[in-house]
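Chains as they are written, first to last, in my numbering: chain A, 21 to 739; chain B, 3 to 291.
Using N, Cα and C, we set each Cβ at its ideal position, and we do this for glycine too.
This report concerns only the one structure given below.
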């Protein structure tokens, strides 16, 4: 198949193996001399380990713990604060202390029940609010930037009024279809770690540190990965350390796979957050200044939280050009499961908050929320809140106009008003969100930390192989990246292939995160293909490499939080219509619209997959999915208790793409994976608010939250 | 290695009953609750502490038939089969459609839902307002008990070890003139466990209430139903007066005592239960269904 327009859909490269059920995921794999591992985890939230008792183990069973780690006892991520096996302090319920390995899982479970650990218990911090009360000791990291507070307080002095709001967002669990799993294959001269993952070289670097070994003694191979959503960015590094250390210690291959229950209670989640807004308005409701305080619940260790906070802050003003904006943010420690990467990476929290706040401010101007938001939309050439620049064309006005037409917004508002007056039980509403997503790593991450390299290998018979470290986790990059290379080389798509990445074979093209793969890695591949085409010699084996080149803009300075935080932005608008049952608080989605601008889609159907999946996940974050902790323990341990949406909860999503090719993306493409999630929650919240003519200061707006608000309204009316 | 278990799968009900008479067994109809209840960790089969008897294939337990105005439903009829059966009342079908998802509905049975005796059992509120009777069969013969006597507490039922629940009888259900509603409130539209559920039954003649019944699920250890409260409304003119409605809602306010758990809150459950009750009582027109 030859490609004319790159956006024309093609069958996915892994389609047949997946739909036929033939693709072996890690838990399907068995190798010679393989044993299973089970982890003994801390039953307490915070304390010091006094003693560890392990029962006598039968022949062929072993215990692996901190003393078996050849290198330092931490999972290499950013800070050295996450032990591989906790041996002094435990900081959350579920923290791994030791691993039992052996042939039979049933025997292992029985042995694990007999392990006893004595602790000296200390007072844990269970909630974000408790951590905020002890902010000086609980803060992992903080940033502050924007207009000087002296200027803002002068503006506030003269303002007509100051509006203050607090807003909270909850946990979100990834619920990838395939739970986490990792296998270390023991060989005499190397340990090969296979598993479900998004970031091969994060794992390899963590293993080099933990095993204190040479570069050729450890190897990481990605297995087919059944969904990631960020949950397989940094978390798998810890599991990889567990199996590799165990394999090294017992000289056998070691498999560690979680069942859904274990996965739900111990793996990373989206950071719960709290926002405090303080906005000065003039008489007409125009914004004079805005201050935002962001607090993220980091959980028990820092992990990637500092970078999550950066993205959260960078998106704290949404898509708006707010005069006199100031923001400050903290990541706080609590004695709960560490929170980490999740599709959107801090941005969904911020967008939920700012969209909610702007919607509420519109009342002071007596304007429709969308009309109010449009007054502040950023335009090409506007500065960013970090003194960077929106230098590329912005199509938001066009995208909004299109949806106003498509949804018949104004007419629908009137219709709903009439419906709501007549129907005592059900109320209808329509809500909107406008949003963006910065593509690629925050700030100078691509240039300073990732330094991506890609490689193309051409065989004698003219076949081309992609040698990169990025993971197809279902999002379709086996197909899209192959298309980019095939198009540039003018080859049939069948002649281009992308084998499962293996660190022995592929250079570090960076992790599969941050909406960077298509735009950054895809562009490098496009350039590599161009180079290969120029040097093409028939009948010869050839290799070409390409290295990342930074688009020079306003240099990013993390200390002052100034400069261009991202090379490019993707954009979106969502409209959502709901019907709310006022007797039960149940929300029914009626219509969902999405207009997106991602430069140029590499494959329209794969993009539609990102839109439908991302939006369903984003909508659910706003009203359906609810996870809570009680005394440091996750309460929802099954999919049915947590409640991600089923096909009966989502309606067909009417979406459209707007082309706006980006010069530094392959065929003009920008990032798309995270963008699609971001608008869901704020749009559904505003639709519920519209239906009930009330306001909420939190997501998820669950049936419980709705009923509480309706009851409060009732009481106030009686008073 | 997994431990060996004993399992029986007889061709006929009488052989099954005589085995049950000899030995206390775990009865597996669809298995959709038993398998979850006895689930082990990953990679280890469920541990069922008794010998297992499979009854899902016994055609004697799958018959659905009418006898006078009563409907008899074989306990091993799957939800999927009941949805296809023209004798099954619409309200019961609507309740069945809210259960799990098609795959589970192809395995799960009505008898299983009763014997599992979950406080959130999806068919239970309706079966309570239908005054369902249960036919229990053993080598000693048959006996019939009311569902409200059979279900004693969460996962506790009045079944002797040698008995099988053979039929569910819905008395007079095929008589015309009654209106039945069912509402299940879950966290999502499929594969959800009820946070609250409500069933209401009403029959009106000559603008007076002939018969009225209510049952609430997931707001107590078993279904909440009160014959005493129902009696207060018999013979009342319909539509009901505001005072009558307030007094019934106030009565249930006294007896509905839900709990907080990982799925919802006590406050929510109570508010919604009473809202649904009031809505049912307030409805001024009923089409028999």
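Cα separation between residue 654 of chain A and residue 391 of chain A?
Computed Cα separation, rounded: 40 Å.
List the residues of chain B whose Cβ lies closer than 9 Å to the Cβ of residue 723 of chain A, in chain order.
Neighbours of residue 723 of chain A on chain B, chain order: 187, 189, 197, 266, 270 and 274.
Can you tell me where the beta strand (DSSP E) holding residue 187 of chain A begins and where it ends?
In this chain, the beta strand (DSSP E) harbouring residue 187 of chain A covers 181-189.
Below 8 Å on C-beta distance, what does residue 157 of chain B contact in chain A?
For residue 157 of chain B, there are no neighbours in chain A by C-beta distance under 8 Å, as the nearest C-beta there is about 18 Å away.
Can you find a CB in chain B that lies within less than 8 Å of the CB of residue 518 of chain A?
So no, residue 518 of chain A is outside the interface.
Alpha carbon to alpha carbon, how far is residue 548 of chain A from residue 646 of chain A? Give it in angstroms, no decimals.
Computed Cα separation, rounded: 45 Å.
Which residues in chain A sit within 8 Å of residue 251 of chain B, going by Cβ to Cβ distance?
Here the premise fails: no neighbours, minimum Cβ distance about 13 Å.
What are the boundary residues of the alpha helix (DSSP H) that includes residue 24 of chain B?
In the DSSP assignment, residue 24 of chain B falls within the unbroken alpha helix (DSSP H) covering 15-24.
Local conformation of residue 281 of chain A per DSSP, three classes
Reduced to three states, the DSSP call for residue 281 of chain A is helix.
Assumed close pair residue 624 of chain A, residue 496 of chain A - CB separation to whole angstroms, cut-off 8 Å:
Rounded to the nearest angstrom, the Cβ distance from residue 624 of chain A to residue 496 of chain A is 11 Å, too far for a contact under 8 Å.
Could you give the uninterrupted runs of the alpha helix (DSSP H) lying entirely in the region 579-658 of chain A, keeping only those of 4 residues or more?
Listed in chain order, they are 624-643.
For residue 155 of chain B, count neighbouring C-beta atoms within 10 Å of its own C-beta (all shown protein chains included) and say buried if the count is 16 or more, exposed if not.
Burial check for residue 155 of chain B: the Cβ neighbour count within 10 Å stays below 16, so the residue is exposed.
Extent of the continuous beta strand (DSSP E) run through residue 56 of chain A
Per DSSP, the continuous beta strand (DSSP E) segment holding residue 56 of chain A begins and ends at 54-61.
Quick one: which residues of the region 18-47 of chain B get their C-beta closer than 8 Å to a C-beta of chain A? List them in chain order.
The region 18-47 of chain B vs chain A, Cβ under 8 Å: 42, 43, 44, 45 and 46.
Near residue 406 of chain A, what residues of its chain come up, given a Cβ to Cβ distance below 7 Å and the 5 sequence neighbours on each side ignored?
For residue 406 of chain A, where only same-chain residues beyond five positions count, the Cβ hits under 7 Å are 165, 334, 581, 582, 583 and 585.
In or out: residue 589 of chain A buried (at least 16 other Cβ within 10 Å) or exposed?
It is buried - the Cβ of residue 589 of chain A has at least 16 other Cβ atoms within 10 Å.
Taking the beta carbon of residue 266 of chain A as the centre, do at least 16 other beta carbons fall within 10 Å, making it buried, or is it exposed?
Residue 266 of chain A is buried by the Cβ-count criterion.
Could you pull the start and end residues of the beta strand (DSSP E) that residue 168 of chain B belongs to?
That run of the beta strand (DSSP E) goes 166-172.
is_contact[residue 641 of chain A, chain B] using C-beta, thresh 8 Å:
No - not a single Cβ of chain B is within 8 Å of the one on residue 641 of chain A.
Out of curiosity, what's the CA-to-CA distance linking residue 501 of chain A and residue 591 of chain A?
Straight-line Cα distance between these residues: approximately 22 Å.
Which residues, taken in chain order from the region 123-155 of chain A, show a beta carbon closer than 8 Å to some beta carbon of chain B?
Within the region 123-155 of chain A, 124, 125, 126 and 129 place their CB atoms closer than 8 Å to a CB of chain B, listed in sequence order.
Could you tell me which of A:393, A:414, A:408 and A:388 sits nearest to residue 3 of chain A, measuring between CA atoms?
Look at the range of chain A in this structure, 21 to 739, and you will see that residue 3 of chain A is not part of it.
Whole angstroms are fine: how far does the CA of residue 213 of chain B sit from the CA of residue 250 of chain A?
One Cα belongs to residue 250 of chain A, the other to residue 213 of chain B, and the distance between them is close to 57 Å.
Taking Cβ to Cβ, would you say residue 709 of chain A is nearer than 8 Å to residue 671 of chain A?
Contact flag unset, no.
Note down, in chain order, each residue of its chain lying with its Cβ closer than 8 Å to the Cβ of residue 235 of chain A, except the 5 sequence neighbours on either side.
The residues are 228.
Under 8 Å from the C-beta of residue 768 of chain A: neighbouring residues of chain B:
Summary: the structure shown does not reach residue 768 of chain A, with chain A confined to residues 21 through 739, and so no result is reported for it.
Grouping DSSP H, G and I as helix and E and B as strand, with all else coil, what is residue 701 of chain A?
DSSP places residue 701 of chain A in helix when its eight states are reduced to three.
Mind checking which residues open and close the alpha helix (DSSP H) that includes residue 326 of chain A?
Under the DSSP assignment, residue 326 of chain A falls in the alpha helix (DSSP H) whose first and last residues are 325-334.
Span of the alpha helix (DSSP H) around residue 130 of chain B:
For residue 130 of chain B, the uninterrupted alpha helix (DSSP H) run begins and ends at 126-131, by DSSP.
Determine the contact status of residue 248 of chain A and residue 493 of chain A, defining contact as a CB-CB distance below 8 Å.
Taking 8 Å as the Cβ cut-off, residue 248 of chain A and residue 493 of chain A qualify as a contacting pair.
Can you check the region 352-418 of chain A for any beta strand (DSSP E) of at least 3 residues that lies completely inside it and give the ranges in chain order?
Runs of beta strand (DSSP E) with 3 or more residues, each lying fully within the region 352-418 of chain A, are absent.
Assign residue 53 of chain A to one of two classes, buried (16 or more other C-beta atoms within 10 Å of its C-beta) or exposed (fewer than that).
Per the 10 Å Cβ criterion, exposed.
Contact check, residue 200 of chain A vs residue 244 of chain A under 8 Å by CB: the rounded distance?
No, residue 200 of chain A and residue 244 of chain A are not in contact; Cβ-Cβ is about 14 Å, not under 8 Å.
Among the residues of its own chain, which have a CB less than 8 Å from the CB of residue 292 of chain A, if the five just before and after it don't count?
Within the same chain, 148, 188, 189, 190, 191, 316, 317 and 359 come within 8 Å of residue 292 of chain A by CB-CB distance, once the 5 residues on both sides are set aside.
Verify whether the separation of the beta carbon atoms of residue 134 of chain A and residue 55 of chain A is less than 8 Å.
For the pair residue 134 of chain A and residue 55 of chain A, the CB atoms are not nearer than the 8 Å cut-off.
Please confirm if the region 151-171 of chain A is in contact with the region 344-356 of chain A, defined as three or more CB-CB distances below 8 Å between the two stretches.
These segments touch.
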